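Here the structure comes first, spelled out in structure tokens, and everything after it is commentary.
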Amino acid sequence: MAVELQSLTDNARKTSIEVLNALVADGIAVSRALKQAHWNVKGPGFIGFHELLDSVKEHVDAGIDEMAERVQQLDGTAIGTVRDVAKATSLKPYPTDMVKLNDHAKAVAELLRDYGGKLRDGIDTTDEAGDPNTADIITAASNEVDKDTWFVSSYLG
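Numbering (full-length UniProt numbering), first residue to last: 1 to 157.
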């Protein structure tokens with residue numbers, strides 16, 4: 001039985017669960033890509049970028065956790081297995097054949113911009129469906145991604 005939250009309609013609840021699960025899948029894909037870059041980056045500025053990637057991953061993971069928990073609040077089932085994420089993500093695969101810091105900075109910045117766009121779409125969709133609390137949760141994740149996109153992009157000059 002669904003927990004009745006803030007008088008959400010069934011449509012709002014279902015829409016939010018669908019949007020959140022898509023964003024959780026994309027977020028997990030981003031998180032894994034950040035670790036790929038973290039493990040493989042080389043070159044001048046390595047340690048600063050290496051540490052920044054850990055920080056960005058922590059922020060992305062915190063947003064994923066909030067969104068997955070919201071799925072549970074809405075009486076849904078959060079997805080998170082590697083297999084489910086591979087099927088569900090709408091983001092381009094992260095390249096695995098690069099090591100130069102500048103190449104990783106470009107790829108990570110692009111990935112974060114794409115994910116940020118998905119988050120903003122999710123804000124609009126859940127708000128229009130009548131679930132402002134879910135929109136707020138996604139907004140918090142979006143704010144972190146925007147800030148981290150700025151930090152990563154600063155490595156590009």
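Built from N, CA and C at the ideal position, the CB exists for glycine as well. Predicted model, so just to flag it, every value in this text is computed and none were measured.
Using a 10 angstroms sphere on the CB of arginine 83, the tally of other CB atoms stays under 16, which defines it as exposed. No residue range can be given for leucine 91, since it is assigned to no alpha helix (DSSP H) and is classified by DSSP as neither H nor E.
Straight through space, the alpha carbons of glycine 48 and glycine 122 are spaced by roughly 32 Å. Going by C-alpha positions, leucine 156 is about 35 Å away from glutamate 18. Alanine 62 has its alpha-carbon roughly 11 Å from the corresponding atom of isoleucine 137. One thing to note: serine 16 has its Cβ within 8 Å of the Cβ of aspartate 131. Contact between the region 133–151 and the region 85–103 is absent: fewer than 3 CB-CB pairs across the two stretches fall below 8 Å.
No beta strand (DSSP E) of 3 residues or more sits fully in the region 33–121. In its chain, beyond the 5 residues on either side, Ser142 have a beta carbon closer than 7 Å to the beta carbon of arginine 120. Around the C-beta of valine 60, 16 or more other C-beta atoms lie within 10 Å, and the residue is accordingly described as buried.
Apart from sequence neighbours up to five positions away, the residues of its chain that approach leucine 111 with a beta-carbon distance below 7 Å are Val30, Ala33, Leu91 and Tyr94, ordered along the chain.
A straight line joining the alpha-carbon of glutamate 51 with that of histidine 38 spans about 8 Å. Relative to the Cα of serine 153, the nearest Cα in the group Asn133, His104 and Thr134 belongs to His104. Serine 7 carries a coil assignment under DSSP once its states are collapsed to helix, strand and coil. According to the DSSP assignment, aspartate 131 belongs to no alpha helix (DSSP H), since it is labelled neither H nor E.
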